[in-house]
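Colleague: Just passing along the structure, written as structure tokens.
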Amino acid sequence: MASLSSDNTNTSFNSPSEKRPAQAINYRQVLVQWLRGHNIAGDTDDLLLKHKNKEAKMFLMLAKKHKRPNALNEVFTQRMEDIDIKDYQSLTETYLSVFFPSDIQQVGVLLKKYKGNEKELFSKLSDNFHACN
3 MASLSSDNTN
13 TSFNSPSEKR
23 PAQAINYRQV
33 LVQWLRGHNI
43 AGDTDDLLLK
53 HKNKEAKMFL
63 MLAKKHKRPN
73 ALNEVFTQRM
83 EDIDIKDYQS
93 LTETYLSVFF
103 PSDIQQVGVL
113 LKKYKGNEKE
123 LFSKLSDNFH
133 ACN
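Sequential numbering of the sequence shown, starting at 3, is according to this note's numbering.
Structure (structure tokens):
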């Protein structure tokens, strides 16, 4: 599903302790599959060009506009397979790296603010990004 060679990819870090790039998201492939899967017409190249470096926001916009789940849900679900559900640091980093990569540096702030209320954090994140929880 992901490719490091695509021009439209995200290479955020999994966690500060790992210091290794997450597998890049092939936004083109995700977009094509999502549009086809929901029988929605759209110019993939035009959308990706218009939203270059803001692809996660593009998927949020499309989910809201078409009242469909966020196309990045599948990417997040796949990345969750290797994460302990009680490891809130890794969960939050993975969540933001997929759905809101520009805010990945906010992980510590969010975890501090929601310490003991992590379920509320993920509920708010999923509502904001039309994403899975």
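Ideal placement from N, C-alpha and C gives every residue a C-beta, glycine not left out.
1. Below 8 angstroms between beta carbons: does that hold for L98 and D105?
2. Work out the CA separation of F131 and L64 for me, nearest whole Å.
3. First and last residue of the alpha helix (DSSP H) that includes N130?
4. Within this structure, are the beta carbons of F101 and A73 separated by less than 8 angstroms?
5. Looking at L62: is its Cβ nearer than 8 angstroms to the Cβ of R30?
6. Roughly how many angstroms lie between the CA atoms of E81 and T96, to the nearest whole one?
7. Using a Cβ-Cβ cut-off of 7 angstroms (strictly less than) and excluding sequence neighbours within five positions of V32, which residues of its own chain qualify?
8. Would you tell me roughly how many angstroms separate the C-alpha atoms of E122 and C134, rounded to the nearest one?
9. What does the Cβ neighbour count give for S92, buried or exposed, with the cut at 16 atoms within 10 Å?
10. Can you grab the Cα-Cα spacing for the pair Q107 / T94, in whole Å?
11. Going by beta-carbon coordinates alone, are L60 and H68 separated by less than 8 angstroms?
Modeller: If we stick to the structure as given:
1. Here the question's residue 98 lines up with position 96 in the sequence shown. Here the question's residue 105 lines up with position 103 in the sequence shown. Taking 8 angstroms as the Cβ cut-off, L98 and D105 qualify as a contacting pair.
2. The residue given as residue 64 occupies position 62 in the sequence shown. The residue given as residue 131 occupies position 129 in the sequence shown. Going by the C-alpha atoms only, they are around 11 angstroms apart.
3. Counting from 1 along the sequence shown, the entry for residue 130 is found at position 128. From DSSP, the alpha helix (DSSP H) with N130 extends over 120-131.
4. Taking the first residue of the sequence shown as position 1, residue 101 is located at position 99. Taking the first residue of the sequence shown as position 1, residue 73 is located at position 71. In this structure, A73 does not lie closer than 8 angstroms to F101 by Cβ.
5. As a position in the sequence shown, residue 62 is number 60, starting the count at 1. As a position in the sequence shown, residue 30 is number 28, starting the count at 1. For L62 and R30, no; Cβs fall outside 8 angstroms.
6. As a working note, residue 81 is residue 79 in the sequence shown. As a working note, residue 96 is residue 94 in the sequence shown. Here residue 81 is Arg; the residue named in the question, Glu, does not match the sequence. Looking at the two C-alpha atoms, the distance is approximately 7 angstroms.
7. Locating residue 32 in the sequence shown gives position 30, counting from the first residue. Closer than 7 angstroms at Cβ, skipping near neighbours: A73, L74, V77.
8. By 1-based counting over the sequence shown, the position of residue 122 is 120. By 1-based counting over the sequence shown, the position of residue 134 is 132. E122 and C134: Cα-Cα distance of roughly 13 angstroms.
9. As a first step, residue 92 is located in the sequence shown; it is residue number 90 there, counting from the start. Classification of S92: buried, given that the 10 Å Cβ count is 16 or more.
10. Your numbering for residue 107 matches position 105 in the sequence shown. Your numbering for residue 94 matches position 92 in the sequence shown. So the two alpha carbons sit approximately 11 angstroms from each other.
11. The residue you call residue 60 lines up with position 58 of the sequence shown. The residue you call residue 68 lines up with position 66 of the sequence shown. It should be pointed out that residue 60 corresponds to Met in this sequence rather than to Leu. It is not a contact, given that the beta carbons lie outside the stated cut-off.
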